[in-house]
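Chemist: Quick note: the sequence shown uses the working numbering, first residue 448, plus one each step.
Where a beta carbon is used, it is the ideal one built from N, C-alpha and C, also for glycine.
Note that the structure is predicted; figures quoted are calculated from it, not measured.
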Amino acid sequence: MKHSFGRTIAKALLVGTLLGTASIASVANAAVGVFPSSTFNNLDYGLYWFGDADNWQKAVPNYSNAYYSASKPTIIYIHGWQKGSSKALNRETFNRKDAGGPDLDLAYAWRQAGYNVGIMYWNQFADEDEVKDAEAKIWTASGTRAMRWRNASGVYVNGPTQSASDLLFQSYKDNLAGYTGSNIRLAGHSLGNQMAIVLAKKISDAVSAGTINSKLLPKRVALLDPFYSQSGKSYLANKWTGEVCREYVTNLKTKGVMFEAYRTSLASSSGFIGDANAGLMNMTAFTELKTSYFNQTQQTQKHNAAVWHYLWSFGSNAPVLTNTTTEAASAKTSDTRINTLMGSTKKLVQDRGNTTKEPWDDTFLEAAR
Numbered sequence: 448m449k450h451s452f453g454r455t456i457a458k459a460l461l462v463g464t465l466l467g468t469a470s471i472a473s474v475a476n477a478a479v480g481v482f483p484s485s486t487f488n489n490l491d492y493g494l495y496w497f498g499d500a501d502n503w504q505k506a507v508p509n510y511s512n513a514y515y516s517a518s519k520p521t522i523i524y525i526h527g528w529q530k531g532s533s534k535a536l537n538r539e540t541f542n543r544k545d546a547g548g549p550d551l552d553l554a555y556a557w558r559q560a561g562y563n564v565g566i567m568y569w570n571q572f573a574d575e576d577e578v579k580d581a582e583a584k585i586w587t588a589s590g591t592r593a594m595r596w597r598n599a600s601g602v603y604v605n606g607p608t609q610s611a612s613d614l615l616f617q618s619y620k621d622n623l624a625g626y627t628g629s630n631i632r633l634a635g636h637s638l639g640n641q642m643a644i645v646l647a648k649k650i651s652d653a654v655s656a657g658t659i660n661s662k663l664l665p666k667r668v669a670l671l672d673p674f675y676s677q678s679g680k681s682y683l684a685n686k687w688t689g690e691v692c693r694e695y696v697t698n699l700k701t702k703g704v705m706f707e708a709y710r711t712s713l714a715s716s717s718g719f720i721g722d723a724n725a726g727l728m729n730m731t732a733f734t735e736l737k738t739s740y741f742n743q744t745q746q747t748q749k750h751n752a753a754v755w756h757y758l759w760s761f762g763s764n765a766p767v768l769t770n771t772t773t774e775a776a777s778a779k780t781s782d783t784r785i786n787t788l789m790g791s792t793k794k795l796v797q798d799r800g801n802t803t804k805e806p807w808d809d810t811f812l813e814a815a816r
């Protein structure tokens, strides 16, 4: 009993230290120098399309884009909390070498497979010292900090009267209005998983209302080391954010949207920082990745690993259950298999390849959820 209590206290102290430095769900050591300073001096948000080597072009309605074709399958990444990013002129991109990942263009394999590859930015709104202030902006424009945004001087400026999810939904529907493909995937990291879920719900509601084409409904949503804060929120009728996400996912699954989730850190699962939201994880094709190439004090790196591991995994064959040929979950895993895993009573836990960053040597075991 004493030893168990001691381990619990030690874990609490570790997580408390990480929370104190705001490292566990904070800015993901994003890329510097890819975007000009004007991108941070002025308010800029919405959809950007990417080509090779982090070349980019912002999506503008009714204008052609060198990195987008309306008929191609599409992957759109959504980042999370971005504390301090504006002053540092940082934005996340598809090279994650500064976030503990490989020095590679992680979108390369996707483009080679014929995908449009994009990022939905809301970084200046998400640049808050307190994660809950950034979280509120996903759901409402009238939270404690309203919709203020941070510029390159680190100064807050009054923002628009729409929530960040409303702004991103507008960018999404305007820029994909002529989309003719049949495969859109969203991937949200940390706090960005909430944005991905809310965005998918807004898209679904618009499809049901007949105001946008059904082809815009995402086929698959990846929740990458998802984060939800604890306690009820006044802007959600005193419900927890994770609770409302469960309601949304339940509804979206009836519309055929598939959900996969990957846990790589203590960001939510510790119970000391966020809401583990086990109920939501049980609704998804849920995988626990073991990032043993980082030690337990490197929770920032572990948290960020969910992004680059998922994106990188698309470039190799789907992993398998140990000593079988049965597919486990990854970005490359087929929709059919993800759908099966989503309905399983088991989760997947990595048991091999956990000491190397490369995804192609990973294998997994089934375990009780």
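Where do the N-terminal and C-terminal ends of the alpha helix (DSSP H) with Val481 fall, by residue?
Modeler: As a first step, residue 481 is located in the sequence shown; it is residue number 34 there, counting from the start. First-last for Val481: undefined, no H or E at that position.
Chemist: Just to confirm before moving on: does the CB-CB distance between Gly689 and Leu727 stay below 8 Å?
Modeler: Sequence index remark: in the sequence shown, residue 689 carries index 242 (1-based). Sequence index remark: in the sequence shown, residue 727 carries index 280 (1-based). The answer is yes: Cβ separation under 8 Å.
Chemist: Give me the Cα-Cα distance between Ala725 and Tyr510, rounded to the nearest whole angstrom.
Modeler: On the sequence shown, residue 725 is found 278 positions in, with the first residue counted as 1. On the sequence shown, residue 510 is found 63 positions in, with the first residue counted as 1. Cα to Cα, Ala725 sits roughly 43 Å from Tyr510.
Chemist: Rounded to a whole number of angstroms, what is the C-alpha to C-alpha distance between Thr744 and Ala714?
Modeler: For the purposes of this step, residue 744 is taken as the residue at position 297 of the sequence shown. For the purposes of this step, residue 714 is taken as the residue at position 267 of the sequence shown. Cα-Cα distance, rounded: 12 Å.
Chemist: Between which two residues does the alpha helix (DSSP H) harbouring Leu727 extend?
Modeler: Against the sequence shown, residue 727 aligns to sequence position 280. Unbroken alpha helix (DSSP H) run through Leu727: 725 to 728.
Chemist: I need the straight-line Cα distance from Asn542 to Gly498, nearest angstrom please.
Modeler: If you number the sequence shown from 1, residue 542 lands on position 95. If you number the sequence shown from 1, residue 498 lands on position 51. Distance between the alpha carbons of Asn542 and Gly498 is about 12 Å.
Chemist: For Met705, write down the residues that DSSP places opposite it in a beta bridge.
Modeler: Mapped onto the sequence shown, residue 705 falls at position 258. Answer is Arg667, bridged to Met705.
Chemist: In whole angstroms, what is the alpha-carbon distance linking Ile785 and Asn563?
Modeler: To locate residue 785, count along the sequence shown from 1; it is residue 338. To locate residue 563, count along the sequence shown from 1; it is residue 116. Rounded to the nearest angstrom, the two C-alpha atoms are 21 Å apart.
Chemist: Buried or exposed, going by whether 16 or more other CB atoms sit within 10 Å of the CB of Pro483?
Modeler: For the purposes of this step, residue 483 is taken as residue 36 along the sequence shown, with counting starting at 1. Classification of Pro483: exposed, given that the 10 Å Cβ count is below 16.
Chemist: Are the region 749 to 763 and the region 664 to 683 in contact at 8 Å, needing three or more beta carbon pairs?
Modeler: Contact holds: three or more Cβ-Cβ distances are below 8 Å.
Chemist: Alpha carbon to alpha carbon, how far is Ala583 from Tyr682?
Modeler: Residue mapping note: residue 583 aligns to position 136 of the sequence shown, counting from 1. Residue mapping note: residue 682 aligns to position 235 of the sequence shown, counting from 1. Those two C-alpha atoms are separated by around 8 Å.
Chemist: Taking the C-alpha atoms as reference points, what is the distance between Pro508 and Ser763?
Modeler: Sequence index remark: in the sequence shown, residue 508 carries index 61 (1-based). Sequence index remark: in the sequence shown, residue 763 carries index 316 (1-based). Each residue's Cα considered, the two are about 34 Å apart.
Chemist: The beta strand (DSSP E) spanning Asn570 covers which residue range?
Modeler: Here residue 570 corresponds to residue number 123 of the sequence shown, with the count starting at 1. Run containing Asn570: none in the beta strand (DSSP E); it sits in the alpha helix (DSSP H), 570 to 573.
Chemist: Along the chain, where does the alpha helix (DSSP H) that runs through Lys648 open and close?
Modeler: As a position in the sequence shown, residue 648 is number 201, starting the count at 1. Segment 639 to 656, the alpha helix (DSSP H) holding Lys648.
Chemist: Between which two residues does the beta strand (DSSP E) harbouring Gln797 extend?
Modeler: What you label residue 797 is simply residue 350 of the sequence shown in a count that begins at 1. From DSSP, the beta strand (DSSP E) with Gln797 extends over 793 to 799.
Chemist: Under a three-way DSSP split, which group does Lys544 fall into?
Modeler: As a first step, residue 544 must be located in the sequence shown, where it is residue number 97. If DSSP states are grouped into helix, strand and coil, Lys544 belongs with the helices.
Chemist: On the premise that Ala599 lies in contact with Asn488, defined as a C-beta separation below 8 Å, what is that separation, rounded to the nearest angstrom?
Modeler: For the purposes of this step, residue 488 is taken as the residue at position 41 of the sequence shown. For the purposes of this step, residue 599 is taken as the residue at position 152 of the sequence shown. About 5 Å; that satisfies the 8 Å criterion.
Chemist: Would Lys793 and Tyr740 qualify as a contact pair, given that the criterion is a beta-carbon distance under 8 Å?
Modeler: Here residue 793 refers to the residue found at position 346 of the sequence shown. Here residue 740 refers to the residue found at position 293 of the sequence shown. For Lys793 and Tyr740, no; Cβs fall outside 8 Å.
Chemist: Decide if Val602 is buried, meaning its Cβ has at least 16 other Cβ atoms within 10 Å, or exposed.
Modeler: Numbered from its first residue, the sequence shown carries residue 602 at position 155. So Val602 counts as exposed.
Chemist: Please identify the residue among Thr591, Ala560, Arg558, Trp557 whose C-alpha is closest to the C-alpha of Asn572.
Modeler: For the purposes of this step, residue 572 is identified with residue 125 of the sequence shown, where counting begins at 1. Note that residue 572 is Phe in the sequence shown, not Asn. The shortest C-alpha separation from Phe572 is found at Thr591.
Chemist: Out of Asp550, Ala593, Gly635, Gln797, state which residue places its alpha-carbon closest to the alpha-carbon of Glu813.
Modeler: Counting from one through the sequence shown, the residue named residue 813 turns up at place 366. Answer by Cα proximity: Gln797.
Chemist: I need the DSSP call for Val696, collapsed to helix, strand or coil.
Modeler: Working through the sequence shown from its first residue, we reach residue 696 at position 249. Reduced to three states, the DSSP call for Val696 is helix.
Chemist: Spatial neighbours of Thr455 within its chain, please: C-beta separation below 8 Å, excluding the five flanking residues on both sides.
Modeler: Counting from one through the sequence shown, the residue named residue 455 turns up at place 8. Summary for Thr455: the model assigns pLDDT 30, below 50, so the residue's position carries little reliability; its value from the coordinates is reported in the next sentence. Excluding sequence neighbours, Thr455 sits near nothing in its chain.
Chemist: Which of the three DSSP states, helix, strand or coil, is assigned to His526?
Modeler: As a first step, residue 526 must be located in the sequence shown, where it is residue number 79. Residue state, collapsed to three classes: coil.
Chemist: Among Ala778, Ala554, Trp807, Thr608, which has the Cα closest to the Cα of Phe733?
Modeler: Numbered from 1 along the sequence shown, position 286 holds the residue referred to as residue 733. When only C-alpha atoms are compared, the closest one is Ala778.
Chemist: Which of the three DSSP states, helix, strand or coil, is assigned to Lys579?
Modeler: As a working note, residue 579 is residue 132 in the sequence shown. It is helical.
Chemist: For Tyr515 versus Ile566, is the C-beta distance shorter than 8 Å?
Modeler: Indexing the sequence shown from 1 puts residue 515 at position 68. Indexing the sequence shown from 1 puts residue 566 at position 119. Going by C-beta atoms, Tyr515 is not nearer than 8 Å to Ile566.
Chemist: Assuming Thr731 contacts Glu707 under a Cβ cut-off of 8 Å, what Cβ separation, rounded to an integer in Å, is found between them?
Modeler: Within the sequence shown, numbered from 1, the residue matching residue 731 stands at position 284. Within the sequence shown, numbered from 1, the residue matching residue 707 stands at position 260. Between Glu707 and Thr731 the Cβ distance is about 6 Å, and since that is below 8 Å, they are a contact.
Chemist: Under 8 Å between the Cβ atoms of Ile644 and Val578?
Modeler: The residue given as residue 644 occupies position 197 in the sequence shown. The residue given as residue 578 occupies position 131 in the sequence shown. Contact: no.
Chemist: How about Leu663 and Tyr626: are their beta carbons less than 8 Å apart?
Modeler: Taking the sequence shown and counting its residues from 1, one reaches residue 663 at position 216. Taking the sequence shown and counting its residues from 1, one reaches residue 626 at position 179. In contact: Leu663 and Tyr626 (Cβ atoms closer than 8 Å).
Chemist: Check this for me: beta carbons of Gly628 and Lys519, under 8 Å apart or not?
Modeler: If you number the sequence shown from 1, residue 628 lands on position 181. If you number the sequence shown from 1, residue 519 lands on position 72. Yes, they are a contact pair.
Chemist: By alpha-carbon positions, which one of Leu494, Leu615, Ser712, Ile522 ends up nearest to Ala556?
Modeler: Here the question's residue 556 lines up with position 109 in the sequence shown. Comparing Cα-Cα distances from Ala556 to each of Leu494, Leu615, Ser712, Ile522, the minimum goes to Ile522.
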